[in-house]
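Q: Let me give you the structure first, and then I'll get to my questions.
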Amino acid sequence: MNNHSKRYTEELKRDAIALVDATGRTVTEVARDLGVSPESLRGWYKQARIDRGEGRPGELASEEREELKRLRKLNAEQAKTIGVPRKAAVFFAKESDR
1 MNNHSKRYTE ELKRDAIALV DATGRTVTEV ARDLGVSPES LRGWYKQARI DRGEGRPGEL
61 ASEEREELKR LRKLNAEQAK TIGVPRKAAV FFAKESDR
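Its first residue numbered 1, the sequence shown is counted upward by one per residue in full-length UniProt numbering.
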């Protein structure tokens, strides 16, 4: 089993999605012709539909996914920053009780 995932260019992804849209062929057929896994192309195609506003309610567009990822990272960083003074306050409170 191969542990190395292939990286595809954004251009290839766009072209593959356009082929599915323009030709009416199945994702599996286009994927086979391009030498990519059907699962990868299916994921790209699904995300492209969401980005075009054709997804189901509640599905996140690419920009929303990126913003959520950025905000979660920021939240984790801020939680660490807040945790340091809190730990220091607990430490000094214990010291002053002695």
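Every residue, glycine too, gets a C-beta built ideally from N, C-alpha and C.
As the structure is a computational prediction, the values presented were derived from the model and not from experiment.
Quick test of the definition: if touching needs 3 or more C-beta pairs under 8 Å, does the stretch 11–18 touch the stretch 26–35?
A: yes
Q: In whole angstroms, what is the alpha-carbon distance linking M1 and V36?
A: Translated into positions along the sequence shown, residue 1 becomes position 1. Translated into positions along the sequence shown, residue 36 becomes position 36. Annotation note: pLDDT 49 at M1 (below 50); position unreliable, coordinate value reported separately. Cα to Cα, M1 sits roughly 16 Å from V36.
Q: Is the beta carbon of R49 less than 7 Å from the beta carbon of G58?
A: Here residue 49 corresponds to residue number 49 of the sequence shown, with the count starting at 1. Here residue 58 corresponds to residue number 58 of the sequence shown, with the count starting at 1. Taking 7 Å as the Cβ cut-off, R49 and G58 do not qualify as a contacting pair.
Q: Find out if the Cβ-Cβ distance for the pair D51, S40 is shorter than 7 Å.
A: As a position in the sequence shown, residue 51 is number 51, starting the count at 1. As a position in the sequence shown, residue 40 is number 40, starting the count at 1. No, Cβ-Cβ distance for D51 and S40 is not below 7 Å.
Q: Using 7 Å as the limit for Cβ to Cβ distance, is E66 near chain B?
A: No chain B is present in this structure, which holds just one protein chain.
Q: Considering G43, what are the terminal residues of the alpha helix (DSSP H) in which it resides?
A: Taking the first residue of the sequence shown as position 1, residue 43 is located at position 43. Per DSSP, the continuous alpha helix (DSSP H) segment holding G43 begins and ends at 38–51.
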